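What follows is a set of notes on a single structure, which appears directly below.
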Amino acid sequence: MFRRLSRFALIVLTALPLTAFRMPAGHEKREQLLYDVRGAFVTARGNVPQGLVIATDMLVDEAIRGTTRASMLPRTIIAIRIEKASRIPQLIGSRHEAKVTVQVISVSSGEAIAEGSFETSVFLLEAGEADKTLAEKIADRIASEFRLKGDGRPAIASALFP
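Residues in the sequence shown are numbered consecutively from 932, following the working numbering.
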């Protein structure tokens, strides 16, 4: 019994310093990717639900309107394209996925400055609110990447630490 307890204590004591280990980030400056987003528009193909496109557009525009910048930044517009949206039935409920491409366009020159894409998904028991929930997930990701201050959905962490 003592031997088993001492082995467990040894494992915990050797693993404890490793939990604090963190790889340092690269030497890139994250502030260079910060833009003053003036507007956004959302497009999609015909097979993407129109409710998803409209909800995403409204949520991203709300986040943009709620954002103010203290310093001068490059003025841009973001073009959001929902490449595909699909529903995958599960044993209970369904998983809704979307592939999104975001392009940052300079207001002064009209040229594309940056482009990126991501995939997101939500699991729902009922499909009634699928478009709205998936749109919230897309808008949250875009708002976090561009540091937009939309209302967002409340979470336990924000309730505990205002």
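Glycine included, every Cβ here is placed at the ideal spot set by N, Cα and C.
As the structure is a prediction and not an experimental result, all values here were calculated from the model.
Run of the beta strand (DSSP E) containing residue i, from where it starts to where it stops
| i | result |
| --- | --- |
| S1017 | R1006 to P1020 |
| L1055 | A1043 to L1055 |
| V979 | No beta strand (DSSP E) contains V979, which DSSP labels as neither H nor E. |
| S937 | That residue, S937, is in no beta strand (DSSP E); its alpha helix (DSSP H) goes F933 to T950. |
| I1036 | S1025 to S1037 |
| A975 | D967 to A975 |
6 Å Cβ shell around residue i - same chain, five flanking residues per side excluded
| i | result |
| --- | --- |
| K1063 | A986 |
| V979 | I1013 and A1016 |
| D967 | R1000, L1004 and R1006 |
| V1073 | A small fix is needed here, since residue 1073 is Ile in this sequence, not Val. Excluding sequence neighbours, I1073 sits near V991. |
Where the alpha helix (DSSP H) through residue i begins and ends
| i | result |
| --- | --- |
| K1063 | A1061 to E1076 |
Cα-Cα separation between residue i and residue j, rounded to whole angstroms
| i | j | result |
| --- | --- | --- |
| F972 | A1010 | 5 Å |
| L1095 | V943 | In this structure the chain extends from 932 to 1093, so residue 1095 is not present and cannot be described. |
| T974 | R938 | 59 Å |
| Q1021 | S1002 | 48 Å |
| S1052 | E1046 | 20 Å |
Other residues of its chain near residue i: CB distance less than 7 Å, five sequence neighbours each side excluded
| i | result |
| --- | --- |
| R928 | The shown model of the chain, from 932 to 1093, leaves out residue 928, and the question about it has no answer. |
| T995 | Just to set this straight, residue 995 is Ile in the shown sequence, not Thr. Excluding positions up to five away in sequence, the list reads V968, G970, A971 and L1079. |
Assigned exposure category for residue i - 16 Cβ within 10 Å defines buried
| i | result |
| --- | --- |
| L990 | buried |
| A946 | exposed |
| I1069 | buried |
Other residues of its chain near residue i: CB distance less than 8 Å, five sequence neighbours each side excluded
| i | result |
| --- | --- |
| S1048 | E1014, K1030, V1031, T1032 and V1033 |
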